[in-house]
Amino acid sequence: AYHPNHNTRILACAAINEKTITYSELGEKLGRSGSTPGLGLGKDLYKCQEWLKEHNLPPLTLLVQSKQTGLPSREGSYDGRKFGEMNEQEIRSLQQSSFSYKWSVSQLKALGIRSPVKGCA
Numbered sequence: 362a363y364h365p366n367h368n369t370r371i372l373a374c375a376a377i378n379e380k381t382i383t384y385s386e387l388g389e390k391l392g393r394s395g396s397t398p399g400l401g402l403g404k405d406l407y408k409c410q411e412w413l414k415e416h417n418l419p420p421l422t423l424l425v426q427s428k429q430t431g432l433p434s435r436e437g438s439y440d441g442r443k444f445g446e447m448n449e450q451e452i453r454s455l456q457q458s459s460f461s462y463k464w465s466v467s468q469l470k471a472l473g474i475r476s477p478v479k480g481c482a
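Residue numbers for the sequence shown follow our numbering, beginning at 362 and rising by one.
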């Protein structure tokens with residue numbers, strides 16, 4: 362079953378550490394195995410992004426990117442625009458907004474993150 366905290370906790374930790382994450386790395390952190398653990402994450406990432414927007418949180422799903430391109434899936438979206446419609450500068454700017462977001466203790470606690478110490482992921 363989908364729960365927004367699973368993806369959001371991992372992505373918030375990536376943002377706190379100012380890092381991106383590949384689809385495979387996310388899949389592995391979610392407990393998936395096999396040769397393509399990142400395959401099929403799109404639906405959950407869409408739900409995650411909707412949840413983030415609903416709670417006025419940064420666009421963390423933009424931190425998940427392809428090993429091949431270094432960019433998020435063209436099919437992902439933020440604020441009604443597909444990532445594929447954005448240029449790389451727009452994507453990097455939105456990623457930076459995730460990196461610089463100031464998380465409150467209560468937000469982190471709600472995600473199951475004890476402290477915003479670098480290396481929480």
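Backbone N, C-alpha and C define an ideal beta-carbon position, used for all residues, glycine too. On a predicted model such as this, the values are computed, not experimentally measured, just so you know.
Taking residue 402 as reference, the option from 387, 418, 443 and 448 with the minimal CA-CA separation is 387. Nearest to residue 379 by C-alpha distance, out of 472, 390 and 457, is 457. Judged by DSSP in its simplified three-state form, residue 381 adopts coil rather than helix or strand.
Boundaries for residue 440: no alpha helix (DSSP H) harbours it, and the DSSP string shows neither H nor E there. The three-state secondary structure of residue 410, taken from DSSP, is helix.
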